[in-house]
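S.K.:
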Amino acid sequence: MTTILTVDDSTSMRQMVAFTLKQAGFDVVEAADGEEGLQKAKGTNVDVVVTDVNMPKMDGISLVKKLRALPNYKFTPILLLTTEAGADKKQEGKAAGATGWLVKPFNPDQLLSTIKKVIG
Amino acid sequence: MALPSKFDKGADQLPRTLRGFGHINRFVDRRDGKFIAKILPGEYYVTNQDEYVATVLGSCVSACIRDKETGLGGMNHFMLPKVGSDEKKGLNGKINDAARYGNFAMEHMINAILKNGGKRENLEVKLTGGGRIIANMTNVGLKNIEFVREYIRTEGLMLVAEELGEIYPRKVLYHPLSGKMKVKRLRALHNNTVLDRETRYMNELEVKPIGGDVELF
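Chain order of the listed sequences is A and B.
Just so we're aligned: 70 in the working numbering is position 70 of the first sequence, and the numbers increase by one with no gaps anywhere.
Just so we're aligned: 62 in the working numbering is position 62 of the second sequence, and the numbers increase by one with no gaps anywhere.
1. Residues of chain B with CB under 9 Å from N107(A), in chain order?
2. Short check: CB of V29(A) to CB of K42(A), under 7 Å?
3. Comparing alpha-carbon positions, which option in F27(B), P41(B) and I36(B) lies nearest E204(B)?
4. Which residues mark the beginning and the end of the alpha helix (DSSP H) in which K143(B) is found?
5. Could you list which residues in chain B have their beta carbon closer than 8 Å to that of D9(A), in chain order?
6. Does any residue of chain A have a CB that is nearer than 7 Å to the CB of D86(B)?
7. Is K89(B) helix, strand or coil by DSSP?
8. So that I know if they touch, is there some Cβ in chain B lying closer than 7 Å to that of L102(A)?
9. Rounded to whole angstroms, what's the CA-CA distance from A105(B) to D32(B)? Just pull it up for me.
10. Tell me E124(B)'s beta-bridge partners as DSSP assigns them.
11. Answer yes if the region 154-170 of chain B comes into contact with the region 44-51 of chain B, meaning at least three C-beta pairs across the two stretches below 8 Å, and no otherwise.
12. Please confirm if the region 118-138 of chain B is in contact with the region 98-106 of chain A, defined as three or more CB-CB distances below 8 Å between the two stretches.
13. Apply the 10 Å Cβ neighbour rule to V266(B) and answer buried if 16 or more other Cβ atoms are within range, or exposed otherwise.
14. Can you name the start and end residues of the beta strand (DSSP E) that D29(B) belongs to?
15. Determine the chain E residues that contact A31(A) at a beta-carbon separation under 8 Å, and present them in chain order.
16. What residues from chain A crowd round Y151(B), counting only those whose CB sits closer than 7 Å?
17. Can you name the residues that DSSP bridges to F35(B)?
18. State buried or exposed for K117(A), treating a residue as buried only when at least 16 other CB atoms are found within 10 Å of its CB.
19. If I follow the unbroken alpha helix (DSSP H) through G100(A), where does it start and stop?
20. Here's a check: name, in chain order, each residue in its chain whose Cβ is nearer than 7 Å to the Cβ of P169(B), leaving out the five neighbours to either side.
21. What residues are listed by DSSP as bridge partners for F78(B)?
22. Since M109(B) is in the alpha helix (DSSP H), which residue starts that stretch and which ends it?
23. According to DSSP, is D222(B) part of a helix, a strand, or is it coil?
24. Could you tell me which of T44(A), K65(A) and T76(A) sits nearest to G120(A), measuring between CA atoms?
25. Return yes when the Cβ of L72(B) is within less than 7 Å of the Cβ of K143(B), no when it is not.
26. At the level of alpha carbons, what is the spacing between D109(A) and T51(A)?
27. Would you please state the rounded distance, in angstroms, between the beta carbons of D27(A) and T3(A)? I believe it to be under 8 Å.
28. Are V53(A) and L80(A) close, meaning C-beta to C-beta below 7 Å?
29. Distance check for T17(B) and G117(B), CA to CA, integer angstroms please.
30. Smallest Cα separation from K115(B): which of K65(A), L67(A), K57(A) and K66(A)?
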């Protein structure tokens, strides 16, 4: 079964994303910030990461960089799901090694079809 | 020569806005020299300066949020889009358009505060609006109130005051630096401006898809 790690400091957003993914049959691991996300990724075999950008402790872009430095996560799809729509920030995400960028408001169908695309 | 307006724009005196808020209508109130940013339905404004955020609410709600340590904060003005009955059934009403849009409206402003140095644990919230301004209409205001209260609870944010519901439109003036929220209940809709603006906003929400862009690198 595909396991997805969802990282967001907003509890309600995390609940909505987790609910959508579980309904679609995925296993879901949740984390409230980049630091917790990194710990959970190290402790579980995660197939896809969906992370927010602006978070306390460790932001989403730093999380992408840290994950890409780990041998297990060199090629794992990492999607940034954020309110940030600016080109600069998006470029930062791309340079860090993210696979894709989704701008909120969060759309369940859009998220699921993007995940299906990146896991082939 | 034209007489100076009571609300002269006085653009040269206005403090600098934070990045991303240059489009918001701001002016200097000539009566007392206050700097005021006036927001419309669907907008929000965040500042770290000594200025006020103003709006007029009908059935919409506003969350006034600030970092109580630094005084950085702002106000939004939104309502939830209508939810079709099919959608409500399909997703247990949990992540319907209304909830997704409401989350977005709240998170967008909270993120702007956090991005500019605010700390989540210092955030305090005041809520207002959600009036049932038309007696024989569905109680749109109540849905907005229920959502925003639930959101604050789920997020574990500190709610320090609320002035919600009833049948009145409201004029709101928020000063993030001090945290003061002044609410004036308006006895009646003196003209249709508030109602027209909210109706236009509601219609826009109905036709606009609730979802952002996707880009795969």
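We put the CB at the ideal spot given by N, CA and C, even for glycine.
M.R.: Let's see:
1. R100, P209, I210, G211, G212 and V214
2. Their beta carbons are not under 7 Å apart, which means V29(A) does not touch K42(A) by this criterion.
3. P41(B)
4. V140 to E155
5. R120
6. Annotation note: pLDDT 44 at D86(B) (below 50); position unreliable, no value reported.
7. For K89(B), the pLDDT reaches just 42, beneath the cut-off of 50, and the residue's location in the model is therefore unreliable, leaving the point undetermined.
8. Chain B contact via Cβ: present.
9. For the pair A105(B) and D32(B), the Cα-to-Cα distance works out to about 31 Å.
10. R66(B) and M158(B)
11. Counting Cβ pairs under 8 Å, fewer than three are found: no touch.
12. no
13. A question about residue 266(B) goes unanswered here, because the residues of chain B that appear run from 1 up to 217.
14. Bounds of the beta strand (DSSP E) holding D29(B) are N25 to D29.
15. Annotation note: the requested chain E is absent from the structure, which comprises protein chains A and B.
16. S12
17. V28(B)
18. exposed
19. G100(A) -> not in any alpha helix (DSSP H); beta strand (DSSP E) instead, spanning G100 to V103.
20. V56, L57, G58, G131, I133, L186, L189 and V194
21. V61(B)
22. D97 to K115
23. Nothing can be reported for residue 222(B), as the shown portion of chain B is limited to 1 through 217.
24. T76(A)
25. no
26. 17 Å
27. The pair is a contact, with the Cβ atoms about 4 Å apart (cut-off 8 Å).
28. Yes; because the gap between Cβ atoms is below 7 Å, this pair is in contact.
29. 15 Å
30. K57(A)
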